[in-house]
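Enquirer: Here the working numbering runs 501 ahead of the position in the sequence shown, where the first position is 1. By construction, the Cβ of each residue, glycine as well, lies at the ideal position given by its N, Cα and C atoms.
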Amino acid sequence: MAVLSKVYVKRRTRFFDWMQDGVAVFASWPVYPRNGDVEHPYRPDSDLHFLTGFDEPESAAVLVKKGQERRFLLFVRPRDPEMETWVGSRAGEEGAVRDFGADEAHPIGEFESRLGDLLTNQPCLYLSFGLHPDLDRKVLAIVERLKGEARRGICGPFRMIDPREFLRQARLVKDREEIGAVEKACDITRAGFEAAFRAVMPGMPERELQAVVEFEFRRRGADRVSFETICAGGAHATTLHYIRNDGLLRDGDLVLLDAGAEVAMASGDITRTFPVNGRFSRVQRRVYEWVLQAQAAAIEAIRPGATYAQVHQAALEVLVEGLRDLKVLRGKTSELIETGAYRPYFMHRIGHWLGMDVHDVGPYFVDGASIPLQAGMVMTVEPGLYFADRQDVPRPLRGIGIRIEDDVLVTPRGRRVLTEGLPKTVDEIEKVLARPGAWWGEVRPLARES
Ligand SMILES: [Mn+2]
502 MAVLSKVYVK RRTRFFDWMQ DGVAVFASWP VYPRNGDVEH PYRPDSDLHF LTGFDEPESA
562 AVLVKKGQER RFLLFVRPRD PEMETWVGSR AGEEGAVRDF GADEAHPIGE FESRLGDLLT
622 NQPCLYLSFG LHPDLDRKVL AIVERLKGEA RRGICGPFRM IDPREFLRQA RLVKDREEIG
682 AVEKACDITR AGFEAAFRAV MPGMPERELQ AVVEFEFRRR GADRVSFETI CAGGAHATTL
742 HYIRNDGLLR DGDLVLLDAG AEVAMASGDI TRTFPVNGRF SRVQRRVYEW VLQAQAAAIE
802 AIRPGATYAQ VHQAALEVLV EGLRDLKVLR GKTSELIETG AYRPYFMHRI GHWLGMDVHD
862 VGPYFVDGAS IPLQAGMVMT VEPGLYFADR QDVPRPLRGI GIRIEDDVLV TPRGRRVLTE
922 GLPKTVDEIE KVLARPGAWW GEVRPLARES
């Protein structure tokens, strides 16, 4: 059972302070059928969690503000001994009040009828329009019905505001609690990679290495992966989001592993690219060193006041220099950047915000200008070079895809790499890979507290 935590009170207070008089509605994602009577695993909605900590499916939160009066309502699945025997315990209305601090709680089945009363004569409706079309339709029908009752002195809200205007900003600059959760997710993610380094060996299926990294996540407490694990051997790594993972890891190839553990509704996100047989070839090493240098330059550029664009640019300049050194591009670095000639080999941005969602919410531009970094933001730094098996690529480079990714917290005086300490330089990686497959003989149950 969740314990009422002050952090949700604090976050709701911030939301109430931002909100005008009116009613804000937040709903859980539907549970989707998968096949037969099997459902897709349920994952709580990040905004709903952010404001309430209530993670059960079929739930909704309503925040009502009128002058100094502020009310927090939860709509939840009612207690049901028979259902709970099958699928586990529920907080019920009582638990929603006791453990989650709701001023009132009601069965989710009463959501629509009660929302009509709640919206009556309220000036503003806050709803994340477009997110849940079913909910949009129901709520707008209620609003319309209320407007039809003008002769009875009843009115519905005329102003409609998307609460994500506030939430994307509130979630971009993280509070202490969310930073703590991201740190934990990063620690578990790092442990998964430590296992993968020691488990990999030639001939292994990509999916088996995926299983190792996810095994380590799970046994260290991850609730789930923060996104589908990318385990890409050889040329598969030139597909940015390769998740088929149905190939083999071959002697002489690199493997690109991009994975993240999710715990306490926070995500980790790491990429390492390493040789399946433990030793980089000369050409692999040359490309790797350029990507690594680009990553170092980008991380170095992170500090409060620096912009996201500057961080991107710092990596880009190194990568383009690398492409010239590798004889992929010819010409002046500045011109190659200007013309975008590098794009076939580096086609994504330097990274993304990281938090409750792996590609976390938050603007990248404000008034058309790249956003300045601020202490409390967390971003990934993940430059890469990708050489598809194509005519325009010098033959020795074909089929090489390298990305290196770490998670970085902006601090008041600079930055802190939350995934620090995981082998990354060529020497560090070759050292940890010195005995390919060592993990298989050494893996033991984690010590448990008795
Ligand atoms: Mn990423």
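1) Is it buried or exposed, K932, if we count other Cβ atoms within 10 angstroms and call 16 or more buried?
2) Leaving out the 5 sequence neighbours to the left and right, which residues in its chain are closer than 6 Å to A889 when beta-carbon positions are compared?
3) Use the C-beta contact count for M857: other C-beta atoms within 10 angstroms, 16 or more gives buried, fewer gives exposed.
4) So, with DSSP's three-state summary, where would you put G769?
5) Put A562 into one of helix, strand or coil per three-state DSSP.
6) Starting from D907, follow the beta strand (DSSP E) in both directions and report where the run begins and ends.
7) D826 by DSSP, collapsed to three states: which one?
8) Do you know how far the Cα of G654 is from the Cα of W854?
9) What residues in its chain sit with their C-beta under 6 Å from that of R945, if we drop five residues either side in the sequence?
10) Should D604 be counted as a contact of ligand 1 given a C-beta to heavy atom distance under 6 Å?
11) Can you list, in chain order, every residue whose CB sits closer than 5 Å to a heavy atom of ligand 1?
12) Which residues in the same chain have their Cβ closer than 8 Å to the Cβ of V532, if we skip the five residues on either side of it in sequence?
13) From E583 to A592, what does the alpha carbon distance come to, in whole angstroms?
14) So within the segment 726-773, which uninterrupted beta strand (DSSP E) runs reach at least 3 residues, ignoring any that extend past its ends?
15) Using only the alpha-carbon positions, how far apart do D979 and R787 sit?
16) Return the residue from the list R916, D908, G753 that minimises the CA-CA distance to D688.
17) Output the distance between the C-alpha atoms of K648 and S727, rounded to the nearest integer angstrom.
18) Taking the straight line between their C-alpha atoms, what separation do you get for G734 and Q785?
19) Go ahead and pull the three-state DSSP assignment for A606.
20) Do three or more CB pairs link the segment 698-711 to the segment 900-915 at distances below 8 Å?
21) Between which two residues does the beta strand (DSSP E) containing L626 stretch?
22) Could you spell out where the alpha helix (DSSP H) holding I498 opens and where it closes?
23) Determine, using beta-carbon pairs with one atom in the segment 831-850 and one in the segment 803-822, whether at least three such pairs fall under 8 Å.
24) Enumerate in chain order the residues of its own chain whose CB-to-CB distance from Q875 is below 7 Å, with the five nearest sequence positions on each side excluded.
25) I need the boundaries of the alpha helix (DSSP H) containing A797, first residue and last residue.
26) To which residues does DSSP link Y887 through a beta bridge?
27) Since I662 sits in a beta bridge, which residues does DSSP pair it with?
28) So A760 and I744 are in contact, right, with Cβ under 8 Å, and what is the actual spacing, rounded?
29) Give the secondary structure of R544 by DSSP, where H, G and I count as helix, E and B as strand, and everything else as coil.
30) With 16 other CB atoms within 10 Å as the buried threshold, where does S614 fall?
31) From G922, V565, A671, E605, pick the residue whose C-alpha is nearest to that of L620; which is it?
32) In this structure, what does DSSP give as the bridge partners for K925?
33) Report the rounded CA-to-CA distance for W941 versus G863, giving the unit in angstroms.
34) Between the segment 659-671 and the segment 629-638, are three or more C-beta pairs nearer than 8 Å?
35) Let me know if L750 comes out buried or exposed under the rule of 16 or more other beta-carbons within 10 Å of its beta-carbon.
36) Hey, R780 and L758: beta-carbon distance below 7 Å or not?
Expert: In short:
1) By the beta-carbon neighbour count (other beta carbons within 10 angstroms, threshold 16), K932 is exposed.
2) Result list for A889: T739, in chain order.
3) Buried is the call here.
4) Look at G769 here: in three-state DSSP terms it is coil, with no helix or strand label.
5) A562: strand per DSSP, three-state reduction.
6) Run containing D907: 907-912, per the beta strand (DSSP E) assignment.
7) Helix at D826.
8) Those two C-alpha atoms are separated by around 47 Å.
9) Once the five neighbours on either side are set aside, R945 has no close Cβ partner at all.
10) Residue side-chain check: D604 keeps its Cβ at 6 Å or more from all non-hydrogen atoms of ligand 1.
11) Result: D770, T881.
12) Cβ within range, chain order: E540, H541, Y543, P558, E559.
13) In a straight line, the C-alpha of E583 is about 15 Å away from that of A592.
14) Runs of the beta strand (DSSP E) spanning 3 or more residues and lying entirely within the segment 726-773 occur at 731-734, 755-760, 762-764, in chain order.
15) The requested residue 979 does not occur in the structure, where the chain is confined to residues 502 to 951.
16) Out of R916, D908, G753, D908 has the C-alpha closest to the C-alpha of D688.
17) C-alpha separation (whole angstroms): 43 Å.
18) Rounded to whole angstroms, G734 to Q785 spans 13 Å at the Cα level.
19) Annotated three-state conformation of A606 is strand, per DSSP.
20) Below 8 Å, too few C-beta pairs join the segment 698-711 and the segment 900-915 to call them touching: fewer than three.
21) It spans 625-628 - the beta strand (DSSP E) in which L626 sits, taken as one unbroken run.
22) Since the first and last residues shown for the chain are 502 and 951, residue 498 lies out of range.
23) Output reads yes: the segment 803-822 touches the segment 831-850.
24) If we look at Q875 and ignore the five residues flanking it on each side, its Cβ neighbours are V674, P805, V911.
25) Where A797 is concerned, the enclosing alpha helix (DSSP H) stretches over 783-802.
26) Beta-bridge pairing links Y887 to G902.
27) DSSP links I662 through a beta bridge to Y627.
28) Incorrect: roughly 11 Å between the Cβ atoms, too far for contact.
29) Coil at R544, not helix or strand.
30) By the Cβ neighbour-count rule, S614 is exposed, with fewer than 16 other Cβ atoms within 10 Å of its own.
31) That would be V565, whose Cα lies nearest to the Cα of L620.
32) Answer by DSSP bridge pairing: none, since K925 is not bridged.
33) W941 and G863: Cα-Cα distance of roughly 41 Å.
34) Taking a contact to require three or more Cβ pairs closer than 8 Å, the segment 659-671 and the segment 629-638 qualify as touching.
35) Label assigned to L750: buried.
36) Taking 7 Å as the cut-off, the Cβ atoms of R780 and L758 do not count as close.
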